[in-house]
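Heads up: the structure comes next, in C-alpha cells.
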Amino acid sequence: MADKINVKLVLELRQANMSQRAIAASRHISTKSVAAVWKRADALGVSYADVADKSDDEVYLLFFPDKFRKETVYAPVNYEYVHGELKKTGVTLKLLWHEYKDSAKDGVPVGYTKFCDDYAKYVEQNNLTNHLTHKPGVVCEVDWSGKTMRLNDPEEGKTHPVYLFVAALPYSQLAYVEPCLNMNEQTWINCNIHMFEYFGGVTLRIVCDNLKTGVITHPHEGDIVLNQCYEDFSNHYCTAIMPAGVKKPKQKASVEGTVGKIATAIIARLRNNEYTSIHDLKTDVAAALEDFNNKPFQKREGSRREVFEANERITLRPLPAFPYEYAVWEYGRVIGADFHVTYQTCKYSVPYRFVGKTVDLKITDSMIEIYCGHERISSHKRFPSYVRNRYDTYPEDIPERFQKTEWNELTIRQWAASIGKLTLAVIDRIFKSYRTSEQGINPAMSVLKLSKKYSSERLETACELALEHVSVPRYSHLRAILAAGQDMEYKESKKQENESSPAGFVRGAAYYGGDDHAE
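Next up, the structure:
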C-alpha cells in the first residue's frame, strides 16, 4: 500500500513560499500529488495556519475523506503494552513491531516508521518517560559544553579556556568527548571526524545546535542553510545534518543530558590536575571517557559500551575509505597562458583548453582541487608550504605543439656545453629547479639565446659572475649583467688580479670543473 501524502507538511512548506516542484523534490513525492493538495486547499480556503493544531491524519481526512477511509484501515496497536515491554532487557521497538505485524488480524499493520512515531506520541501525550524511542545507528547528537576546563601556560603565567566537544548516540547513550582550545570551524569539523572514528561507523543523521561554525541560517520557515564545509563533510560521510529547532533542547536531549553527566564524570574527576599540555589533557580525558562509557547504568542493565557493542555498532554505516579533509576555498583565479594556476608561488597545471578561464581552488592540507564552474577539472598533490616556485604539470595538459618541439633537455644541454662549462652549470641548475624537464625548456632556451646577441664568450663570463651571487641564475640576471657590461668589467678585473698577484685569485673556470670554453 502506498504511503499517504503528508498534506499538513505540504501546506506548511507552501506557507514557507516553496514552489510545488521544490516541495516535491525535497520530500520525494510527485508534483501531481503536491498540485492536488494545493488545488484542494484553494477549494476549501484552508491554509497551514488553519490546520496547525490538527494531526496529520485529521488534515488528510479533511482534504481527502474518501481516500482516508479507504487507505487507513490499520490494525490497532496497544501502546500501553508496548511501553511496558520496552522496560524488559533486550526488548526493542523493532522486535515489538515484528510481533505486532505477525499478529495483526483486524486490518493492515502499520509500517515501522509510523509504529515508532505513534509510540513517541503516546509517550508524550501520557507524560511517560521514554528511554528507547530511538532506533540504533540513526542519530548522533553533537554540541559544545562551553568553557569547562583550563590549560596553564607557565611561561606567560596565564590560563587558557578549554572547550569540550560532546557527542552522544541516543540509543545506547555512548558518548564521545574531545577537549579543544577553540571552537572555530576547522576544530568543529575535525571533532566530528574524530567522533565517527571513535564510534567506528557513521549514523544516518547528526543533530546539532545552531552554532555558526555549522549552521548559517535556521529560519522558522524556509530552508536551513548549512556552512559549506560542514555540508561537504556530511556529503563525504553520507550523513544528514539536522539542526535542532531553535530554543528546542529536547530535540537533542541525549547530548544535553550527557553534557551534565560528563561534567561530573570527567571534569570533576580531573579538577585537581594541572595541565600545561593539551596532549596530556586529551589523554586523561580519553581515559575518563572510557570509564564513563563502561560504567553500569543505574536504572537499566548493562553500560553504554555494552549496549552499543551488542545492538548499535552493527547498525552504523561503514566509514569512508579516507577521512574528510578540512578545506578552504580560493575564488576567481584566472588560468594563465602557461595553462597553470598559482597558489602560494607554486603552479599547478590544467588542461590547455581552460587557458583564460576563471577557476576556484579547493585547498586541503594535502591536495589542490581546481574547479571551473561546478566541474572539477584537475587535482594535484599540494606542495608543502616551505616549497617555493615549483611546477606540478601533467603531461596530458601540455599542448601538442609544445610536446612536438625539437628542443628537449638533451639538445639544450648539448648547446650549453658547446658554449662553456659555466653555461652548462647554469642550465643544469635551471632544469633541476623544476619538477619536469618540459618546464625548464623555455627558461633554459631564453638564457642560451643571449649568446646570439652578446656572443658565447660573453655569456660564459656572465654565467661565471652570476653563479658567484645567485644559486639559480635566470635570464633576467644574465641579461642585466650583459646589458651593463658587467661581464667585461669582471673579466678585465680578474685578468689584472691574476697579473699583479698570481696567487691572489685562483678561482677560474677550472674551479667549476673545466676550461672556460668547450669547442
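Going by full-length UniProt numbering, the first residue of the sequence shown is number 1, and it counts up by one from there.
C-beta: ideal position from N, C-alpha, C; glycine also.
On a predicted model such as this, the values are computed, not experimentally measured, just so you know.
The beta-bridge partner set that DSSP reports for V328 consists of I363. Of the residues assessed, D53 falls on the exposed side of the cut-off, its CB having fewer than 16 other CB atoms within 10 angstroms. Counting only runs that start and end inside the region 136-218, the alpha helix (DSSP H) elements of at least 4 residues fall at 185-199. N182 and H194 have their alpha carbons spaced roughly 16 Å apart.
A268 counts as exposed, since fewer than 16 other C-beta atoms from the protein chains shown sit within 10 angstroms of its C-beta.
Excluding the 5 residues flanking it on each side, R429 has same chain C-beta neighbours closer than 6 Å at V472, in chain order. Residue environment analysis places D365 among the exposed positions, since fewer than 16 neighbouring C-beta atoms fall within 10 angstroms of its C-beta. Pairing E330 with L361, the inter-Cα distance amounts to about 5 Å.
Here DSSP, grouped into helix, strand and coil, assigns Y81 to helix. Per DSSP, reduced to three states, the secondary structure at V334 is strand.
In this structure, DSSP gives R376 an extended state, which the three-state scheme calls strand.
Nearest to K432 by alpha-carbon distance, out of E492, R40, R390, is R390.
In the three-state DSSP reduction, D118 falls in the helix class (H, G or I).
Exclusion of the five residues before and after A337 leaves V355 as the residues of its chain whose Cβ lies within less than 7 Å of its Cβ.
V34 and D42 have their C-alpha atoms roughly 13 Å apart. Restricted to the region 440-488, the alpha helix (DSSP H) segments that are unbroken, complete and at least 4 residues in length are 450-454, 456-467, 475-484, listed in chain order. Secondary structure note for K32: its alpha helix (DSSP H) is the uninterrupted segment 31-44. Contact check for Y79 against D118 passes: the beta carbons are separated by less than 9 Å. The criterion of a C-beta distance shorter than 9 Å is not satisfied by F199 and C238. Boundaries for A240: no alpha helix (DSSP H) harbours it, while the beta strand (DSSP E) harbouring it runs 240-243, taken from the DSSP string.
Check the Cα spacing between K494 and each of Y475, V470, T461, N311: the tightest is with T461. If you check the CB distance, Q173 and R317 do not come in under 9 Å. Per the DSSP secondary-structure output, I370 pairs in a beta bridge with L361, S378. Beta bridge pairing from DSSP links K8 with no other residue.
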